[in-house]
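Enquirer: In this note's numbering, the protein residues as written are 127 to 656. Glycine included, every Cβ here is placed at the ideal spot set by N, Cα and C.
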């Protein structure tokens, strides 16, 4: 949900039929920009198994999808029983065909005077003890109301919320990655996993529930692949996608972020940008491009935007280079990011935009030349995330932070998104072989010492101190403060301002009240004003 800031006021041009190639000419992948990619033809890394409804017919003796209508419950809550639900009606073979791929075909059920649900049972073949990552995803929507997705928790004997789609007019994804306690979601005897998509409330209006597709990924050691960090445009009418990189070099007192960004509303906007904290000098450079200068791959994160490139050498090594000059400032960079922490796919409770921290921690080596002064980076600290989806200007207030120390194999990333009717909070932390994810129930954020800043033509405010605290049932605790050192206010559509910041993180990662890692390192934060 972040980094819309790099959009700015961008040159408008027509949305034409443009070819897109990978940045690596040795592996050309031709896709039309306004053409839906062949989702089912995509290759998945060997360590992943994908469970969906491809080839399932009714009645099914394998995976099963069912529906239930006219549920007389006015409250926003999951089904009362589980994992078995009474009075289910199985989908037809035609419906199974509609829900196994992401396309314009949807299984549609409808009723009046009651809620309705879609139920999905997957038979997982892997040994639970061998599964190190689990990812569930549902894509669809309901008319006249919201949709909640739940997964059955066998340990707690209840339906546990995955997320919500609050858009009543188009499909959106509800997804979540599970790394801890995977045995709670898969029956140890039968190997079954259960999901339920249920409308939020009964309405007097005719209520449709649409499922476009649903799938479960299991894997070892990770559920995230290079394809997840690749280009994702799928013919949406409203769309935004960006690849975002950050670098901290404490010894030379330079920090910067780089973004390759595309936005589509009525027209299409493309921009490459860099924000620089060079000692006490702070500035941003943006460059706007026609569609003919944009190239991307659906297979891996190979991206070209004008003279700016991103190339994935392998799953752990990214090359980024670029050349920007706005007449006032210039920047030329040639950098290599080497991953030191596993990727993490964040929950997006809006059901609208995906947020993947593919390189939450990395070493950065190479050069960057700022206004003619060349800096050599030797094992600087780096971070990379990727956002994509519809609705680039949601009326949300969000806060975000990321910090890493690659030599210690430590990385932390967090997000807080607040809408008028919903919110999400999540923290990801990894240390050596340990990865902990704190959900919105376990986390707490507090902002202090707000500062008002006039930086013509912007007037903005932001908290100078952010308290970040989380505790889970296993006794793991994150307790730290992020104190802003430098700030760039960036216009993201009047009157909204995004404050991009360098912050000093201090605190501890604990287990059962014992410190297992002390944190005292520079990182990045941001904070939107609206």
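#1: Verify whether the separation of the beta carbon atoms of residue 633 and residue 642 is less than 8 Å.
#2: Pair every Cβ in the stretch 286-304 with every Cβ in the stretch 260-275, then say whether three or more of these pairs are closer than 8 Å.
#3: Which class does residue 222 belong to by DSSP, given the choice of helix, strand or coil?
#4: How many Å lie between residue 485 and residue 335 at the Cα?
#5: Does the beta-carbon of residue 567 have 16 or more other beta-carbons within 10 angstroms, so that it is buried, or is it exposed?
#6: Can you look up residue 393 in the DSSP assignment and give me helix, strand or coil?
#7: Three or more C-beta pairs closer than 8 Å, one from the stretch 362-375 and one from the stretch 497-517: is that the case here?
#8: Taking a contact to mean a Cβ-Cβ separation below 8 Å, would you say residue 466 touches residue 487 in this structure?
#9: Is residue 613 buried or exposed, if buried means 16 or more other CB atoms sit within 10 Å of its CB?
#10: Could you check the C-alpha separation between residue 479 and residue 527 for me, to the nearest Å?
#11: Out of curiosity, what's the CA-to-CA distance linking residue 324 and residue 212?
#12: Per DSSP, residue 531 forms a beta bridge with which residues?
#13: Residue 317 and residue 251: beta carbons closer than 8 Å?
#14: Near residue 186, which residues of its chain fall below 8 Å by C-beta distance, leaving aside the five closest residues on each side in sequence?
#15: Which same chain residues end up closer than 6 Å to residue 602 when comparing Cβ atoms and leaving out the 5 residues on each side of it in sequence?
#16: Does residue 629 pass the burial test, meaning 16 or more other C-beta atoms within 10 Å, or should it be called exposed?
#17: Leaving out five residues before and five after residue 611 in sequence, what residues of the same chain have Cβ atoms less than 8 Å from its Cβ?
#18: Cutting at 6 Å between CB atoms, please list the residues of its own chain near residue 569, excluding the five before and the five after it.
#19: Classify residue 377 as helix, strand or coil using the three-state DSSP reduction.
#20: Give the straight-line distance between the Cα atoms of residue 308 and residue 412, rounded to the nearest whole angstrom.
#21: Can you grab the Cα-Cα spacing for the pair residue 354 / residue 441, in whole Å?
#22: Taking Cβ positions, are residue 110 and residue 508 nearer each other than 8 Å?
#23: For residue 454, which residues of its own chain have a beta-carbon under 6 Å away from its beta-carbon, when the five flanking residues on both sides are left out?
#24: Taking Cβ to Cβ, would you say residue 340 is nearer than 8 Å to residue 352?
#25: Distance check for residue 266 and residue 294, CA to CA, integer angstroms please.
#26: Quick one: is residue 276 buried, meaning 16 or more other Cβ sit within 10 Å of its Cβ, or exposed?
#27: Considering only the alpha carbon of each residue, which of 362, 206, 540 and 375 lies closest to residue 531?
#28: Going by C-alpha to C-alpha distance, which of 208, 345 and 585 sits closest to residue 175?
#29: With respect to the beta strand (DSSP E) encompassing residue 487, which residues constitute its N-terminal and C-terminal limits?
#30: Along the beta strand (DSSP E) that carries residue 321, what are the first and last residues, could you check?
#31: State buried or exposed for residue 256, treating a residue as buried only when at least 16 other CB atoms are found within 10 Å of its CB.
Expert: Straight from the coordinates:
#1: Between residue 633 and residue 642, the C-beta spacing is not below 8 Å.
#2: Three or more beta-carbon pairs drawn from the stretch 286-304 and the stretch 260-275 are found closer than 8 Å, and the two stretches are therefore classed as touching.
#3: In the structure shown, residue 222 sits in a helix (DSSP, three-state: H, G or I).
#4: For residue 485 and residue 335, the distance between alpha carbons rounds to 36 Å.
#5: That one is exposed.
#6: Coil, per DSSP.
#7: As far as the Cβ criterion goes, the stretch 362-375 touches the stretch 497-517, which means the pair count is three or higher.
#8: A contact, by the Cβ cut-off of 8 Å.
#9: Burial check for residue 613: the Cβ neighbour count within 10 Å reaches 16 or more, so the residue is buried.
#10: Using only the alpha carbons, I get a separation of about 18 Å.
#11: Distance between the alpha carbons of residue 324 and residue 212 is about 15 Å.
#12: DSSP lists 536 as the beta-bridge partner residues of residue 531.
#13: Yes; because the gap between Cβ atoms is below 8 Å, this pair is in contact.
#14: Excluding its 5 nearest sequence neighbours in each direction, residue 186 has C-beta neighbours in its own chain below 8 Å: 216 and 222, listed in chain order.
#15: In the same chain as residue 602, and ignoring 5 residues on each side of it, the C-beta atoms closer than 6 Å to its own belong to 562 and 637, in chain order.
#16: With 16 or more other Cβ atoms within 10 Å, it is buried.
#17: Only 627, 628, 629, 630 and 648 meet the Cβ criterion.
#18: Answer for residue 569: 551, 553 and 596, listed in chain order.
#19: Residue state for residue 377 is assigned as coil, using DSSP reduced to three classes.
#20: Near 44 Å, if we compare the C-alpha coordinates of residue 412 and residue 308.
#21: So the two alpha carbons sit approximately 11 Å from each other.
#22: Missing from the structure shown is residue 110; the chain here goes from 127 to 656 and no further.
#23: So no residue of the chain qualifies.
#24: Their beta carbons are not under 8 Å apart, which means residue 340 does not touch residue 352 by this criterion.
#25: Cα to Cα, residue 294 sits roughly 10 Å from residue 266.
#26: Of the other Cβ atoms in all chains shown, 16 or more fall within 10 Å of the Cβ of residue 276; this residue is therefore buried.
#27: Nearest in C-alpha terms to residue 531, of all of 362, 206, 540 and 375, is 375.
#28: For the set 208, 345 and 585, the Cα lying nearest the Cα of residue 175 is the one of 345.
#29: Segment 479-496, the beta strand (DSSP E) holding residue 487.
#30: DSSP places residue 321 inside the beta strand (DSSP E), whose first and last residues are 318-325.
#31: So residue 256 ends up on the exposed side.
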